[in-house]
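What follows is one structure encoded as structure tokens, with my remarks underneath.
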Amino acid sequence: GLSDICNGLSENTSLKTLRLADNCLGQTDDDTKALEKFADVLVKHPSLIAVDLLHNNIGTRGGQLLLPAIQDKKQIIEFKVDSKMDDELFKLLFRASAPTKKKAKKKGKKKK
């Protein structure tokens, strides 16, 4: 489960994106303990920039555990959670990555 993933994340310091959407995380005591461990890993992880926890029911309790881990961590530009939690907490947690800008095509002289 998530606790085992946390062990791997502690060792894999180069991972940038973590997709955990639809992994049956909920609000059980075991899930809460795993989210606490995950929050600790998030604080220490040097390269993670995107986390997707959509379609998991972590609720307000889970959100409160994760918020301190990412609140001041500007390197995490994408953090997705379901809105099934306190509205204000959701607004503080959810980060959608900025859309990538398309490079403008260079206009060159047409050959005759």
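Residue numbers (the working numbering): 525 to 636. Here a beta-carbon is modelled for each residue, glycine too, at the ideal position from N, C-alpha and C.
Can you round the beta-carbon distance between residue i and residue j to whole angstroms, since I take them to be within the 8 angstroms contact cut?
i       : j       : result
Leu-646 : Leu-566 : In the structure as shown, the chain starts at 525 and stops at 636, and residue 646 therefore has no counterpart that could be examined.
Lys-540 : Ala-574 : 7 angstroms
Asp-611 : Asn-580 : In fact, because the Cβ distance is near 18 angstroms, the residues do not count as touching under 8 angstroms.
Gln-551 : Gly-586 : 7 angstroms
Leu-591 : Leu-616 : 6 angstroms
Which partner residues does residue i have in the DSSP bridge list?
i       : result
Lys-604 : Asp-576
Arg-585 : In the DSSP output, where bridge partners are listed per residue, Arg-585 has none listed.
Thr-541 : Ala-574
Are there 16 or more other CB atoms within 10 angstroms of the CB of residue i, so buried, or fewer, so exposed?
i       : result
Ala-620 : exposed
Ile-601 : exposed
Lys-561 : buried
Gly-637 : The chain is shown from 525 up to 636; residue 637 falls before or after that span and cannot be answered.
Ser-557 : Residue identity differs from the one stated: residue 557 is Lys in this sequence, not Ser. Lys-557 is exposed by the Cβ-count criterion.
Asp-555 : buried
Cys-548 : exposed
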